[in-house]
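**Student:** Protein sequences appear in the order of chains B and G.
Just so we're aligned: 216 in my numbering is position 82 of the first sequence, and the numbers increase by one with no gaps anywhere.
Just so we're aligned: 255 in my numbering is position 121 of the second sequence, and the numbers increase by one with no gaps anywhere.
Structure provided below as structure tokens; questions to follow.
2 protein chains.
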Amino acid sequence: MSAEFWLTQLHENGYRITGARRAVVETVEKSTRALTPVEVYDMSRKRYRALGLVTVYRTLEKLEELHLIQRVHQPMGCQAFISAGQGHQHLLLCKNCGQVVFFEGDDLESLTKSIAKKTGYQIQDHWLQLFGMCANCRTN
Amino acid sequence: MSAEFWLTQLHENGYRITGARRAVVETVEKSTRALTPVEVYDMSRKRYRALGLVTVYRTLEKLEELHLIQRVHQPMGCQAFISAGQGHQHLLLCKNCGQVVFFEGDDLESLTKSIAKKTGYQIQDHWLQLFGMCANCRTN
DNA sequence: ATACTTATTGATAATGATTTTCATTACCGA
DNA sequence: TCGGTAATGAAAATCATTATCAATAAGTAT
């Protein structure tokens, strides 16, 4: 997963590759923590000074549509984005620095089966997110 | 868990019991789906006509602080509230009608242990939510 | 290369949600 | 019943997001 791949994806889906998009893509793709639109704006403007906040919103919208980024839900709100995991992955977030790690291998089969039986619901998706303290923040 | 209990909780924490709070509490406590502040406002005004939207925000803030309600995260946003589960409970939401059911009994011990080892994180909380279709919506 | 079509842009304005301010009201303990 | 003060609603202020629009530039056809 590189910024170039993201740009290719945009292009292949009929979107043009522009300086503004390049800047946003490079910022978001490189980040290891979830960023709000304004954070993306501030950081991307170091690469492309003329960038407008509106373009950030529009670009994030397209990246989300192409499943290149995903929304991250946190206690304080859910308006932050990070690159999407590949396949079935979940997030582990550091409560202190915001660092995000992906993981997979959750087995909720038996849980969802039993809940489905108990509630009569047909269970389709699940959201799982872990919160903790990363090694770095723990020692400092 | 009754509206009266919530009011008692408010009172015991030094907050006054007023007509406005009564209306908000009765609305939220009784709901089986997550409600946005504006929805709470509209519904509560049937009980207490003079209610202001600002008071709804302020009351929800206090109820959340006392852990009587919790924020519900959904794909479209996370500005909706529902009564808090008791103890360690998670949510199952109907994608169609919004109906919420609580469940418990998730065992993520082994998962978090292995993720902790792999990542070096000290895992503190987890956040699990299931989405599906309730029995009622499924048949209609 | 050059011209042309049209998606994309940034600025501005509009909208929507939430918070702050403040004078008035009404809880509730004494 | 009274009085101090928390709580209220209305209005204004703030903040985030979306819509509008004329100017620009990406990328295709020439």
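Ideal Cβ positions, reconstructed from N, Cα and C, are used throughout, including at glycine.
Select from the stretch 243 to 257 of chain G all residues with a C-beta closer than 8 Å to any C-beta belonging to chain B, and list them in chain order.
**Tutor:** So the close ones are Leu245, Thr246, Ser248, Ile249, Ala250, Lys252, Thr253, Gly254, Tyr255, Gln256, Ile257.
**Student:** In the DSSP assignment, find the unbroken alpha helix (DSSP H) run with glycine 153 of chain G in it and report its ends.
**Tutor:** Locating residue 153 of chain G in the second sequence gives position 19, counting from the first residue. Segment 153 to 164, the alpha helix (DSSP H) holding glycine 153 of chain G.
**Student:** What residue range is occupied by the uninterrupted beta strand (DSSP E) comprising alanine 214 of chain B?
**Tutor:** Translated into the one-based positions of the first sequence, residue 214 of chain B becomes position 80. Counting along the chain, the beta strand (DSSP E) containing alanine 214 of chain B begins and ends at 211 to 217.
**Student:** Name the chain G residues that come within less than 7 Å of arginine 272 of chain B, Cβ to Cβ?
**Tutor:** Against the first sequence, residue 272 of chain B aligns to sequence position 138. In chain order: Gln256.
**Student:** Go ahead and pull the three-state DSSP assignment for glutamine 204 of chain G.
**Tutor:** By one-based count along the second sequence, residue 204 of chain G stands at place 70. Strand at glutamine 204 of chain G.
**Student:** Using the DSSP secondary-structure output, state which residues sit across from glycine 221 of chain G in a beta bridge.
**Tutor:** Numbered from its first residue, the second sequence carries residue 221 of chain G at position 87. According to DSSP, glycine 221 of chain G bridges with nothing at all.
**Student:** Using a C-beta cutoff of 9 Å, does valine 172 of chain B count as contacting chain G?
**Tutor:** Looking up residue 172 of chain B in the first sequence gives position 38. Valine 172 of chain B does not count as touching chain G.
**Student:** Which residues in chain B have a C-beta closer than 8 Å to the C-beta of cysteine 228 of chain G? List them in chain order.
**Tutor:** Residue numbering aside, residue 228 of chain G sits at position 94 when the second sequence is read from its first letter. Within chain B, the residues near cysteine 228 of chain G are Tyr255.
**Student:** Check the C-beta distance from leucine 262 of chain G over to histidine 260 of chain B and give it rounded, since I have them as a contact under 8 Å.
**Tutor:** Position 128 of the second sequence holds residue 262 of chain G. Position 126 of the first sequence holds residue 260 of chain B. Rounded, the Cβ-Cβ distance is 7 Å, consistent with contact.
**Student:** Nearest chain B C-beta to aspartate 176 of chain G closer than 9 Å, yes or no?
**Tutor:** By one-based count along the second sequence, residue 176 of chain G stands at place 42. So, not an interface residue.
**Student:** Is the beta carbon of leucine 169 of chain B less than 9 Å from the beta carbon of arginine 156 of chain B?
**Tutor:** Looking up residue 169 of chain B in the first sequence gives position 35. Looking up residue 156 of chain B in the first sequence gives position 22. No. Outside cutoff.
**Student:** Rounded to the nearest angstrom, what separates glycine 186 of chain B and tyrosine 175 of chain B at their Cα positions?
**Tutor:** For this step, residue 186 of chain B is matched to residue 52 along the first sequence. For this step, residue 175 of chain B is matched to residue 41 along the first sequence. Taking the straight line joining both Cα atoms gives about 7 Å.
**Student:** Whose C-alpha, out of B/Phe236, B/Tyr182, B/Ala218, B/Leu144, is nearest the C-alpha of leucine 225 of chain B?
**Tutor:** Numbered from 1 along the first sequence, position 91 holds the residue referred to as residue 225 of chain B. For the residues B/Phe236, B/Tyr182, B/Ala218, B/Leu144, the minimum Cα distance to leucine 225 of chain B belongs to B/Phe236.
**Student:** How do the stretch 197 to 204 of chain G and the stretch 142 to 153 of chain G stand: do at least 3 beta-carbon pairs fall below 8 Å, yes or no?
**Tutor:** In short, these stretches touch, since the Cβ pair count reaches three.
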